[in-house]
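Trainee: This structure is in C-alpha cells; I'll ask about it shortly.
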Amino acid sequence: MNKKQENVHSFLIQRRFFLIAASSFAASAFFSSCSSSQSESSANTSTNTAASTVAASQKKEVLKVGVWAVISEDILKFIQDNLTANESLNIQIVKFNDWIQPNTALKDGQIDANFFQHTPFMQNAAKQLNLNLVMLNLGFLTPIGIYSKRYKSLAEVPQKATIAVYNDKSNGDRSLRLLAAQGLIKFKDSLGEFAGVKDIKDNPKNAQLKELEGPAIVRSLDDVDLAVLSASLRLQAGLQLQPLVQESVAQKRYAVGLVTLQSKENDPRIQKLNKLINDPKVRDFINQKYQGAVLPVF
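Numbering (the working numbering), first residue to last: 61 to 358.
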C-alpha cells in the first residue's frame with residue numbers, strides 16, 4: 061500500500077468513527093429528551109391529579125352530625141354513600157354514648173346538627189340546657205313496645221307484676237301512655253305536658269313500676285315481668301325479642317328528626333341534609349333493612 065492509499069484508508073476509518081460517535085450522541089440526546097418529556101408529562105399528570113383531588117375535597121362541604129343509636133348512623137351512612145354526590149356534602153358522623161351529649165355538643169359548637177331525638181325529648185332538653193333548638197324534617201319512628209321474656213301475651217301477666225319503664229320525662233310519659241292504652245294503668249282526669257307515675261289513678265294489677273334509664277331497661281329483662289323498650293334500644297342490644305304490643309306509625313310525636321340550633325336552621329349544608337332525609341330512597345332503605353322494626357314517617 062503506497063502513501064496515498066494509506067492516507068485514504070486512514071481518512072475512511074476516522075470518518076467511520078466520527079459517524080458512529082455522532083449517531084450515539086444523537087440517540088442519547090433523543091432518548092434523554094423523550095425521558096425528560098415523559099417525566100415532565102408524568103409530573104404534570106400527578107400534579108393535575110393531586111390538584112383535582114384537592115379541588116374535589118374542597119368542594120365537599122363538611123357537616124358534623126351527632127348520633128346516639130345505630131339506626132341514625134346507618135341512615136346517615138346510606139345518605140352519604142348514595143345521595144350526596146350531587147349535593148357536594150360530606151357528612152361526618154359523630155357518635156355519642158348517651159342522650160345528653162348530642163345536645164350539649166350542639167350547644168358548644170362541636171357539631172352542626174344531631175339526628176337522634178323526637179320532639180318531646182328535644183323540648184325538654186332545650187329547657188334544661190337553655191337552648192333554642194329547632195326540629196326540621198322527621199325521619200323515622202322507633203316504636204316503643206312492651207316486651208317480656210316470661211309471657212307471650214298481656215293476658216298472662218299476673219297481679220303485682222314488675223314493669224320497667226323509662227325514667228326521663230319524655231320517654232317516661234311515652235311508656236306510661238302505652239301501658240294506659242293497654243289497660244294496665246289509668247291516669248287522673250287532667251294531665252300536664254308529661255305524664256308521670258304520680259299521675260296514675262288506677263293500677264288494676266297492682267303492678268310495681270321500675271323507672272330506669274334506657275340501657276338499664278335492656279339489662280332488666282331477665283328480672284322483670286314486662287319492660288317498655290324502644291326498637292332502637294332493642295336493635296342496639298342485638299335482642300331478637302319481639303314486642304307483645306307496640307306503637308303505630310301514627311305516633312309521629314315521637315318520630316326522630318334532624319335537630320339544630322335555631323340560628324343555624326337556614327345553613328345551606330343543613331338544608332341539603334334536611335332534604336335528603338326525606339328522599340324516597342331513604343324510605344326504601346329503612347323498610348328493607350329493618351322490616352317493620354323501624355318505620356319511616358314521610
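Glycine residues also receive a C-beta, built at the ideal position from the N, C-alpha and C atoms. Only a predicted model underlies this, so the values are computations on that prediction, with no experimental measurement involved.
Which class does residue 101 belong to by DSSP, given the choice of helix, strand or coil?
Mentor: Annotation note: pLDDT 42 at residue 101 (below 50); position unreliable, no value reported.
Trainee: Any heavy atom of the ligand NAP inside 7 angstroms of the beta-carbon of residue 344?
Mentor: Annotation note on the ligand NAP: not contained in the displayed structure, which lists no ligands.
Trainee: Is DSSP giving residue 211 helix, strand or coil here?
Mentor: In the displayed model, residue 211 falls within coil according to three-state DSSP, outside both helix and strand.
Trainee: I think residue 277 touches residue 238, with their Cβ atoms under 8 angstroms apart; what is that distance to the nearest whole Å?
Mentor: Rounded, the Cβ-Cβ distance is 13 angstroms, inconsistent with contact.
Trainee: Is residue 66 helix, strand or coil by DSSP?
Mentor: Because the pLDDT of residue 66 is 44, which lies under 50, any placement of that residue in the model is unreliable, and the number read from its coordinates should be weighed accordingly. It is helical.
Trainee: Excluding the 5 residues flanking residue 266 on each side, which residues of the same chain have their C-beta closer than 7 angstroms to its C-beta?
Mentor: 219 and 220
Trainee: My output table needs one value for residue 251: the three-state DSSP class, helix, strand or coil.
Mentor: coil
Trainee: Quick check on residue 272: does DSSP put it in helix, strand or coil?
Mentor: Three-state result, residue 272: strand.
Trainee: Residue 337 by DSSP, collapsed to three states: which one?
Mentor: helix
Trainee: If you reduce the DSSP assignment to three classes, tell me which class residue 317 lands in.
Mentor: strand
Trainee: For residue 171, which residues in the same chain have their Cβ closer than 6 angstroms to its Cβ, ignoring the five residues on either side in sequence?
Mentor: 124, 126, 154 and 165
Trainee: Please check if any C-beta of chain C sits within less than 8 angstroms of the C-beta of residue 352.
Mentor: Going by chain labels, chain C is absent from the structure shown, which holds only one protein chain.
Trainee: Does residue 342 come out as helix, strand or coil in the three-state DSSP assignment?
Mentor: helix
Trainee: When burial is assigned at 16 or more other CB atoms within 10 Å of the CB, is residue 149 buried or exposed?
Mentor: buried
Trainee: Does the segment 255-265 come close enough to the segment 221-241 that 3 or more CB-CB pairs lie under 8 angstroms?
Mentor: With a cut-off of 8 angstroms, the segment 255-265 and the segment 221-241 count as touching, because enough Cβ pairs lie within range.
Trainee: So, using beta-carbon positions, are residue 200 and residue 295 closer together than 8 angstroms?
Mentor: no
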